[in-house]
Structure formats: structure tokens, C-alpha cells
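For the sequence shown, counting from 1, position 254 maps to 241 in our numbering; every step adds exactly one.
Heads up, the beta-carbon is just placed ideally off N, CA and C, and yes, glycines get one too.
Just so it is clear, the structure is predicted and the values come from calculations on it, not from any experiment.
Here is the structure we will look at, set down as C-alpha cells.
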Amino acid sequence: MQNNTFPTLFVGQNIEKLAEVDSTNNYLKLLLSNCEPPAHGTVIMAVKQYAGRGQHGNEWLSAAGKNLTISCYLKTDFIHALNQFNLNKVVSLAVYDCLNKFFNDKCYIKWPNDIYVGNKKICGILIENRIQGQYLKDSIIGIGINVNQVFFGDNHHITSLATELKRQFDLNELLKTLCICLEKRFLELKKGFSNEQHKMYLENLFRYRVTSAFNIQNTLINGKITGVDDAGRLKVEINGQEKLFEMKEISFIL
Ligand code: BTN
């Protein structure tokens, strides 16, 4: 474990850099089950993940040494389990803030918590919470940002900082910015600014209030995103009627 010089109170004050690991989220889980939990804000960073995990059991592929693949351990016991989507908003807004320093408002948060540049994904987020009673206990925040990788095979809906901005980026500098942004948004929520964060999340949401095509039960349907409820379900207006969708029930046609 390395002590850091990031100008933060806790996020990134302890950083463990691993040459190779299955998944940084799995590694943090193992730390949690083994001994005393890591310090609040501990970050695990991997040069290479050989079994990186994405949402819905998908794999997360990332070229070794080129991207940010990190997990951050946070004590989240002030968040009611019914409001756990507030944490998704915190992390989405933090990555959005971090990347928008380079993109000047060209980034979007794609529901529930991907970050897009134009209509291409640049970052994925995997949050795993432990619940104790009615509240969260703690959370593992997994973040994968495509940074210096420029070849993504046949998938034309993935991009990176280097692809978009035609230069290479220092991963440690980017990590520092990310840690600062994450801590700022986390403390904002802790101080009770969830309504403001909800508003900002919607303001920066991909295709918010724009009629666009969705895949719902294998059918192409036009609809307009009108909001996100407290449970994190997407509100979509279809033929003048507002409907609610869970994560697996709807996908965007890009
Ligand atoms: C997604 O968009 O499906 C979420 C991807 C999350 C990837 C990150 S990379 C660091 C951390 N470790 C993992 O195994 N997954 C997350």
C-alpha cells in the first residue's frame, strides 16, 4: 500500500498498484473478507485485469497499461438502501466532471452510469454495495476509463481520451483528478445535496428529453426520457404515457 500526495482527505490517500489481477473489484472484496477493512477511500489500481467485470455479468476488456482500471472502497453507511442509486449519481457525476475537464461539455451520463462522448462509451462503472439493515454498509466503486487505447476491434461504439483528443495521457495525473472529483461529489451527497445532484444528473443525461429509439423486449420503440426515479428506474414517455424501466428491460439504439 502506497501513501499518496493527492490533495484529498480520503479518496486516493492509500493506493495499491497491482501489475496484474483478475478484477480490482474482486481484489477489494477479498480484502474485505480477509482481515480488517481497508481505509475509507482506498484505491486499487491495476495495470492489467485478466477477468475485468462489467455490468449484468459482462466482461470488461481493457488493454494492459493503457487505461484506468480502478476500484475505490467507500464507507457509505449514511445512505439508505432505498436511495442507493444516489451513489450511482455521485460516481457518474464525478467521472463526468473529471472527463469534462478535457471535453468541454461534450460528455454525457448514459443511464444508469456509463459515460459517453458523442455516442461512444468512454467509461463504465460497476458499483457493488453491502447492505446492513436499512442502510448501505460500504461500497466498492469500480471505474474503467478508456485512456490511451485506440484499437477496440469491431466495436464502433467505444472510444478513449486518446482517440478523441489525439494525444496520450498520464494515467497517474488522470487518477489524481478522478480522486478529487469523486471525493467532492461524495462529500456533497453526505452534506445532503442529493436534490441538486439529481438535477445535475438529469441535465447531463444522454438523450434526456430527446425522442429516440430504444430496444424494449426486442422491439424498436421510439420514446423520450423524462426522468429517473429514486430507485434508479428510467422514466420514458412512449405514445404520451410515462413508463418505468429497470436496467435489463430497456437498451438504447445507438
Ligand atoms: C460496465 O460498463 O459494464 C462497467 C465496467 C466497469 C469496469 C471496471 S474496471 C475496474 C473495476 N474492476 C472490474 O472488474 N470492473 C470495474
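Query                                                                                                                                                                        : Result
Quick one: does Lys62 have its CB under 9 Å from some CB of chain D?                                                                                                         : The structure shown has no chain D; it contains just one protein chain.
When you compare only the Cα positions, how much space is there between Ser58 and Leu152?                                                                                    : 25 Å
With distances taken between CB atoms, is the gap from Ala38 to Asp9 smaller than 9 Å?                                                                                       : yes
Under 8 Å: does the beta carbon of Asp101 sit that close to some heavy atom of ligand 1?                                                                                     : yes
Following a CB-centred definition, is Trp47 positioned closer than 8 Å to any heavy atom of ligand 1?                                                                        : yes
Spell out the partners DSSP gives Asn209 in its beta bridges.                                                                                                                : Ala200
Which residue comes first and which comes last in the beta strand (DSSP E) that contains Met32?                                                                              : 30 to 36
Tell me the DSSP secondary structure of Ala51 in three-state form.                                                                                                           : coil
Give the range of the beta strand (DSSP E) segment to which Val223 is assigned.                                                                                              : 221 to 225
Between Ile2 and Met32, is the Cβ-Cβ spacing less than 9 Å?                                                                                                                  : yes
Does the Cβ of Gln36 lie closer than 8 Å to at least one heavy atom of ligand 1?                                                                                             : yes
Flag this pair as touching only if the stretch 67 to 77 and the stretch 130 to 145 have three or more C-beta atom pairs under 8 Å; answer yes or no.                         : no
Start and end of the beta strand (DSSP E) containing Phe239?                                                                                                                 : 237 to 239
Rank Cys22, Gln36, Gly227, Leu(-4) by C-alpha distance to the C-alpha of Lys4 and give the top, closest one.                                                                 : Gln36
Consult DSSP for Ala218 and reduce its assignment to one of helix, strand or coil.                                                                                           : coil
So what's Ile167 in DSSP terms, helix, strand or just coil?                                                                                                                  : helix
Does the stretch 88 to 101 come close enough to the stretch 117 to 124 to have 3 or more Cβ pairs within less than 8 Å?                                                      : no
Could you check if Gln42 belongs to the surroundings of ligand 1, using beta carbon to heavy atom distance under 8 Å?                                                        : yes
Looking at the structure shown, is Phe119 part of a helix, part of a strand, or coil, going by DSSP?                                                                         : A small correction: the amino acid at residue 119 is Gln; Phe does not occupy that position in the sequence shown. Three-state DSSP puts Gln119 in a strand.
Can you name, in chain order, every residue of its own chain whose Cβ lies under 6 Å from the Cβ of Gly28, other than the five neighbours on each side?                      : Phe(-3), Val(-2), Gln0
In the DSSP assignment, find the unbroken alpha helix (DSSP H) run with Gln184 in it and report its ends.                                                                    : 181 to 190
Span of the alpha helix (DSSP H) holding Asp84?                                                                                                                              : 72 to 90
Answer yes if the stretch 181 to 193 comes into contact with the stretch 88 to 96, meaning at least three C-beta pairs across the two stretches below 8 Å, and no otherwise. : yes
Could you pull the start and end residues of the alpha helix (DSSP H) that Ala6 belongs to?                                                                                  : Note, Ala6: premise wrong, no alpha helix (DSSP H); beta strand (DSSP E) at 1 to 8.
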